[in-house]
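Note sheet for the following structure.
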Amino acid sequence: MSLFKIFDISGSAMSAQTTRLNTTASNLANADTVAGSAAEAYKARHPVFRTHFQDALSAGVNTAGIVESRAPVQMRYDPGHPLADAQGYVYGSNVDVVEETVNMMSASRSYQTNVQVLNTSKELMLRTLNLGKS
Amino acid sequence: MSTIHDRIFSSHDEALVLRAQRANVLASNLANADTPNYKARDIDFRAALSDVQGAEMGLQRTRAGHLPAAEDPLPGVRHAYRVPTHPALDGNTVDAQQEQARFAENAVQYQATLTFLNGRISGLMGALKGE
Numbered sequence: 000m001s002l003f004k005i006f007d008i009s010g011s012a013m014s015a016q017t018t019r020l021n022t023t024a025s026n027l028a029n030a031d032t033v034a035g036s037a038a039e040a041y042k043a044r045h046p047v048f049r050t051h052f053q054d055a056l057s058a059g060v061n062t063a064g065i066v067e068s069r070a071p072v073q074m075r076y077d078p079g080h081p082l083a084d085a086q087g088y089v090y091g092s093n094v095d096v097v098e099e100t101v102n103m104m105s106a107s108r109s110y111q112t113n114v115q116v117l118n119t120s121k122e123l124m125l126r127t128l129n130l131g132k133s
Numbered sequence: 000m001s002t003i004h005d006r007i008f009s010s011h012d013e014a015l016v017l018r019a020q021r022a023n024v025l026a027s028n029l030a031n032a033d034t035p036n037y038k039a040r041d042i043d044f045r046a047a048l049s050d051v052q053g054a055e056m057g058l059q060r061t062r063a064g065h066l067p068a069a070e071d072p073l074p075g076v077r078h079a080y081r082v083p084t085h086p087a088l089d090g091n092t093v094d095a096q097q098e099q100a101r102f103a104e105n106a107v108q109y110q111a112t113l114t115f116l117n118g119r120i121s122g123l124m125g126a127l128k129g130e
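In the order they appear, the protein sequences are chains A and B. Quick note on numbering that gives the first Met the number 0: the first sequence kicks off at 0 and runs consecutively. Quick note on numbering that gives the first Met the number 0: the second sequence kicks off at 0 and runs consecutively.
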C-alpha cells in the first residue's frame, strides 16, 4: 500500500522544517548577543536539506548538516562594555533579522503543506478501509 | 479468473493503485519543495494505466513448458521529470502551488475511483443477496 509511504515522506519533511524553524529561533534569539572577539561572536546557523530516496517513487528529506553563515560579524565601538577588547570593540552576531523572519514564514508554510498532505492521505486511507461497506 | 475480475472491477482497482503511487510522487515533490537540486517528478497516468491494461493481453502460456513472464504487478509505471516553469537558482524545480493543485486533483480522482469500486461492489452484493 503505497499511501503508507506518504507518512514517512511528509513526516521527514515536517521534521526537516522543524529543524529549520529551530535554527531560525536560535538565530533570532541571538541576534543581539555580543562577544569579545570575532571568533566568539554568534554566527547565524542554517540547515542544509538533502533528498532521501526511499525507493524509485518516494523521496523524503533529511538534514545533511547545519552550516554557519560566513557573513561578516558586526563590530561596534563600545569601550564601556564589559566584553570590549583592548581597542574598545565588541562583536555582535551576523544574523540578518529580516532574512530569518522570511525563513520562519517559509518554513511554517512548508510545514503546513506537509500536514495537509498527511491529512488528505489519511482520509483517503480511511475511505479505502471502508471499501464495500457502504 | 482474470476475465471475471475484469468484468467486476474493469480496471478501477489498477487505477486505485496508480492513483496511490501518483499521490506518493506528488507528496515527495511537496516534501522536497525546499531541497536544493531536487527535480520535481510525476507519473503519466494515462500511459501507465494503458500499460497495465495492455499487460494482461501480453504473454500467454499455452503449454506447460513455456516460461512465465516476470511477475510485475504494475509493469512500466512511467515517471518523468517535470518541465520547470521557473527554475530556481538552487536547482530545485518544485512549484509548490502547482504540486498542491495536482495533489488535490489526484486525491479527488482517488475518491472517484473509490466511489466507482463501491458502486460495483454494492451492485454485486445486491445481485448475490437477491433482495
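No residue lacks a Cβ here, since even glycine has one placed at the ideal position from N, Cα and C. Here the structure is a predicted model, which means the values were calculated and not measured.
Under the three-state reduction of DSSP, which class applies to residue 47 of chain A: helix, strand or coil?
-> Looking at residue 47 of chain A - three-state DSSP - the assignment turns out to be strand.
Where are the beta strand (DSSP E) runs, 3 residues long or more, that stay fully inside the region 76 to 102 of chain A, in chain order?
-> Whole beta strand (DSSP E) segments, 3+ residues: 88 to 91.
For the beta strand (DSSP E) containing residue 13 of chain B, list its first residue and its last residue.
-> Careful: residue 13 of chain B lies outside any beta strand (DSSP E), inside the alpha helix (DSSP H) at 11 to 30.
Just how far apart, CA to CA, sit residue 65 of chain A and residue 106 of chain A?
-> Taking C-alpha positions only, residue 65 of chain A is separated from residue 106 of chain A by approximately 15 Å.
Beta-carbon of residue 58 of chain A versus every beta-carbon of chain B: anything under 8 Å?
-> Yes, because at least one Cβ of chain B sits closer than 8 Å to the Cβ of residue 58 of chain A.
Could you tell me how far apart the beta carbons of residue 101 of chain B and residue 48 of chain B are, in whole angstroms, since I believe they sit closer than 8 Å?
-> Actually they are not in contact, since the Cβ atoms of residue 101 of chain B and residue 48 of chain B sit about 17 Å apart, beyond 8 Å.
If you count every other CB in all the chains shown that lies within 10 Å of the CB of residue 109 of chain B, and 16 or more means buried, which is it?
-> With 16 or more Cβ atoms within 10 Å of its Cβ, residue 109 of chain B is classed as buried.
Proximity below 8 Å, CB of residue 69 of chain A to CB of residue 89 of chain A | No, they are not a contact pair.
At a Cβ threshold of 8 Å, is residue 49 of chain A touching chain B?
-> At least one chain B Cβ lies under 8 Å of residue 49 of chain A.
What does DSSP give as the partner residues of residue 40 of chain B in its beta bridges?
-> Beta-bridge partners assigned by DSSP to residue 40 of chain B: B/80.
For residue 131 of chain A, go through chain B and note every residue whose CB falls closer than 7 Å to its CB, in chain order.
-> Here the neighbours are 117 and 120.
Determine, using beta carbons only, whether residue 37 of chain B comes closer than 8 Å to chain A.
-> Yes, contact with chain A.
Residues bridged to residue 61 of chain A (per DSSP) = Paired residues: A/49.
Flag this pair as yes or no: are the beta carbons of residue 112 of chain A and residue 106 of chain B separated by less than 8 Å?
-> No, the Cβ-Cβ distance between residue 112 of chain A and residue 106 of chain B is not below 8 Å.
Would you say the region 8 to 24 of chain B touches the region 31 to 51 of chain A, given that touching needs at least three Cβ pairs under 8 Å?
-> Taking 8 Å as the limit for Cβ pairs, the verdict is that the region 31 to 51 of chain A does not touch the region 8 to 24 of chain B.
Proximal chain B residues relative to residue 123 of chain A, where beta-carbon distance stays under 9 Å = Simply 18, 19, 22, 106, 109, 110 and 113.
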